[in-house]
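Taking it in order: structure first as structure tokens, then the write-up.
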Amino acid sequence: MRCLGYMMKQRFNPQVYDDFVVRGNTAVLRCHLPSFVREYVVVDSWIRNDDHVLKITETKARSYTVLRTGELLIHETQEKDSNWSYRCQTRHRLTGEMVTSVSFGKIVVTGKWHWQLFIHKCMN
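Quick note: the sequence shown uses the UniProt record's numbering, first residue 1, plus one each step.
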């Protein structure tokens with residue numbers, strides 16, 4: 001008995017959303033994929049808006065790490081990290097087709113919080 005399989009090609013658009021992070025912490029960008037392709041599509045790399053390509057790494061390289069799960073980590077964030085935008089590039093495991101997100105995700109770095117106590121004396 002011979003079984004023939006087929007695969008229907010469906011278009012999809014990966015999405016990247018902004019991440020808000022407190023200065024000095026690690027930001028995480030995720031490539032959001034539709035449920036109907038998650039089983040077959042992996043994140044291959046991240047592309048910064050200056051066309052710098054960030055590939056999957058096992059160890060922390062400078063301030064970036066791309067995990068095997070596809071997340072992009074930006075370590076020890078500073079205000080200058082808000083200048084960059086990132087897109088994810090995906091690869092279909094069976095066909096090898098590459099799809100890059102149309103949307104860019106951005107890191108929004110906020111300042112560290114400093115609590116101050118103010119005592120106000122009321123005079124009668």
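Ideal Cβ positions, reconstructed from N, Cα and C, are used throughout, including at glycine.
Each residue's CA atom was taken as its position, placing R30 and C88 some 8 Å apart. When beta bridges are read from the DSSP output, R48 appears opposite Y86. In this structure, T90 sits near V43, with a CB-CB distance shorter than 8 Å. Of the candidates N83, V41 and F104, the residue whose Cα lies closest to the Cα of G70 is V41. Cα atoms of E79 and R23: separation of roughly 7 Å, rounded to the nearest angstrom.
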